[in-house]
Amino acid sequence: METVSDGAPATAPSDYVAQGSFDDMGLAEPVRLAVAERGYVTPTPVQSATFRPIRDGKDVIVRSKTGTGKTAAFAIPILERIPDGRRRPSALVMTPTRELAIQVAEEIAALAKHRDLTVVTVYGGASMGEQLEKLEAGAEIVVGTPGRIYDHIRRKTLRLEETMVCCLDEADEMLNMGFFEEVTRILDHLPDDAQQLLFSATVPADIEQIIRQYLTEPEVIMLSGDEYKVENIHNVIYPAVDAYPKPRNLLYMIEMEEPETAIVFCNTRSDTSLVAAVLNRNGYDAELLNGDLPQKERERVMAKVKKGEVRFMVATDIAARGIDISDLSHVINYSLPEDPAIFLHRVGRTGRIGKKGTSLSIVSGAEIHTLTALQKKYGVVFEERSLPTPEEARKRWTERHVAELKEGMSASIFEAFIPLAQELRGRSDGDFLVAFALKYFFTHHRMERAQDREKAEHKREKHEKHEGGHEARPAREARPAEGRGRERGERGGRRERGGRGDRGERDFRGDRGERGERGERDRGDRPPRGDRGKRAHAATARSRDRRQRPFGS
Ligand SMILES: Nc1ncnc2c1ncn2[C@@H]1O[C@H](COP(=O)(O)OP(=O)(O)OP(=O)(O)O)[C@@H](O)[C@H]1O
Ligand SMILES: [Mg+2]
């Protein structure tokens, strides 16, 4: 498994380029065709290493780093195993969050597009109707979150007696305290000889013990030896400066680093609301994703982010695991997670399939133990940088805005307004008037730029369709890692937190939303039922409408 990058000599083994090819796998034509149409040219190492054991019906425990193509690694052999047109649940895939269930189902459906198979996505917060229809029609592949899957089992709308294979994606999370009971209750409904697949980027040593009774002589496939860190993710830490409020630390760090796009991870929902509001108020385009939002809103935000239409997504750990956003340049940790493994999943949202990415973390004194664990246990290397002084930050902020003004100026004739500018300078309300004009300019200029980007993207897609002659995605080489050195749901506000159970076992809590239908729950900092979601929307809307204040927080 040697890698070759840009004609350079082969170096270390890669997590992204396998020696084999899809042709070596002897895939049936419909799947081979779908793989090619998805733009996958060569299999990744995890796809090569797990194909045969899974296709041959073995139980597997697989560890492979974030962004190395684990989804297709279980999807392709699963598809090779299930016959067409069986019209009953034949494969069950469970994920910890709804967003991940949707994404995994999309990938499986794309790979199954030339097969006579139906994929149904079963998750909470969405209407039962479509799920029921597909289940009744006999969908062969069921992808979902444990809460809603179990609801269907209870209602007898999902029968697993003839299911051949079950996959736990993010297996360590699925077997964590918060999920364990529900997941194993579901596993109890599978036939004894059902094949079990466990996949994650972080696999604890005792995982086999935890679910031993469900496994039969599992093959343990740990890629990259003891290595956890992703070489092509550059990890940067900024020691927090307690002299300013934490949101200001974030603004200063963003001012220094100018990330193109980022997920900003917060440890609590209340922090996500605060940070999203602060970013919007300061002129940054930011969307909020947490378990308080209605499911439709969660899906809207996710779709926008995946299309690259939002610069910052401020999220709890519901976005930490599995979510695949192509070309996300940065991951920001507003706070470090307590569990170092979650750090690896969070930062793994960037640097996928061999691309480069950067993680930026604000680290305060109390978080040093997470940092030490990451360095010692997982071998993560950090570069330390310092936040600018307020003067430096203001200077950078001013220069950035002047540059943007100049860029806008170049395409315009405005000299007729120079006398007005001179007049305004002498007026007592001059600063207010200029501030309004600037706000107007920056809002419109950014809107125009977003529209230009959209048009360009539209044009590119049209061109690609034309060139390709069909819907195939452009070829996506599994790229070698180059150069520089790389997760659980969510919590309420810090003060409301009380021990591990209250972590909401993370999306888990979001997903418990689906259990709300069964009348259970609800902990943490959620507003009263009728008000849920509205509050977050209102905060974002309000903040968008406010004046842009330089570093106001
Ligand atoms: N053989 C391949 N060639 C090129 N791209 C691929 C290949 N296989 C998968 N990909 C793409 O790589 C990206 C990452 O894949 P995937 O989400 O399955 O990673 P993962 O290993 O499950 O990561 P995580 O641990 O974060 O869940 C996706 O955009 C996927 O479409
Ligand atoms: Mg994954």
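Going by this note's numbering, 1034 is the number at position 180 of the sequence shown; the sequence numbering is gapless.
The C-beta atom is built at its ideal place from N, Cα and C for all residues, glycine as well.
Is any non-hydrogen atom of ligand 1 found closer than 6 Å to the C-beta of D1178, if you look at the structure I gave you? Distance from the C-beta of D1178 to the nearest heavy atom of ligand 1 is below 6 Å.
Excluding five sequence neighbours on each side, which residues of the same chain lie with their C-beta closer than 8 Å to the C-beta of V1155? E1141, L1142, L1143, L1147, V1164 and M1167
Consider the C-beta atom of T925 and the heavy atoms of ligand 2; say whether any pair is separated by less than 6 Å. yes
Between the C-alpha atoms of E1109 and E1261, what's the straight-line distance to the nearest angstrom? 19 Å
Got a sec, what are the start and stop residues for the beta strand (DSSP E) E1141 sits in? A1140 to L1143
As an exercise, report each continuous beta strand (DSSP E) stretch of at least 3 residues that is fully enclosed by the region 1149 to 1218, in chain order. If we require 3 residues or more, the beta strand (DSSP E) runs fully inside the region 1149 to 1218 come out as 1166 to 1169, 1184 to 1187 and 1211 to 1217.
Residue nearest to N1089 in terms of C-alpha spacing, selected from E1308, V1235 and T904: V1235
For R909 and M879, what's the separation of their Cα atoms in angstroms? 10 Å
Unbroken alpha helix (DSSP H) run spanning F1033, endpoints: M1031 to L1041
Residue range of the unbroken beta strand (DSSP E) whose run includes P1093: I1087 to P1093
My assumption, with CB atoms under 8 Å, is that P1072 sits in contact with I1216. Please give the rounded CB distance. In fact, because the Cβ distance is near 40 Å, the residues do not count as touching under 8 Å.
Helix, strand or coil: which one does DSSP assign to A980? In the structure shown, the three-state DSSP call for A980 is coil.
Under a three-way DSSP split, which group does M1110 fall into? helix
Looking at L1044 and T1014, is the spacing between their C-beta atoms short of 7 Å? First, the residue type needs correcting, since residue 1014 is Leu and not Thr in the sequence shown. Yes; because the gap between Cβ atoms is below 7 Å, this pair is in contact.
On the criterion of 16 or more Cβ atoms from any shown chain inside 10 Å, does T1070 qualify as buried, or is it exposed? exposed
Hey, how far is the Cα of T1170 from the Cα of F1119? 6 Å
Please report the Cβ distance between T920 and V1084, rounded to the nearest whole angstrom; I am assuming they are in contact, meaning their Cβ atoms lie under 8 Å. 6 Å
Per the contact definition of three or more C-beta pairs closer than 8 Å, is the region 991 to 1002 in contact with the region 967 to 983? yes
From what residue to what residue does the beta strand (DSSP E) around E1237 run? F1236 to E1238
Which residues in the same chain have their Cβ closer than 6 Å to the Cβ of M1076, if we skip the five residues on either side of it in sequence? R917
Could you check how far apart the C-beta atoms of G1211 and S1183 are, in whole angstroms? I think they sit under 8 Å. 6 Å
Nearest CA to the CA of Q1229: which residue from L1241, T1252 and F1197? F1197
C-beta atoms of T898 and T922 nearer than 7 Å: yes
Do E1036 and Y1004 have their C-beta atoms closer together than 7 Å? Inclusion of E1036 and Y1004 in the CB contact set at 7 Å is warranted, their separation being smaller than that value.
Near K967, which residues of its chain fall below 6 Å by C-beta distance, leaving aside the five closest residues on each side in sequence? A888
Counting only the same chain and skipping the five closest in sequence on each side, list residues whose C-beta sits under 6 Å from that of L1041. Y1068
So, for D1026: in the same chain, excluding its five sequence neighbours on each side, which residues have a beta-carbon less than 8 Å away from its beta-carbon? S1054, T1056, V1057, P1058, I1061 and A1195
Measure the alpha-carbon distance for S1127 versus G1137 and round it to whole angstroms. 16 Å
L1029 vs L1012 beta-carbon contact at 7 Å: no
So which of G911, V1185 and S1218 has the shortest CA-CA distance to L933? Selected option, being the one with the closest Cα: G911.
Closer than 6 Å to a non-hydrogen atom of ligand 1 - does that hold for the CB of R1206? yes
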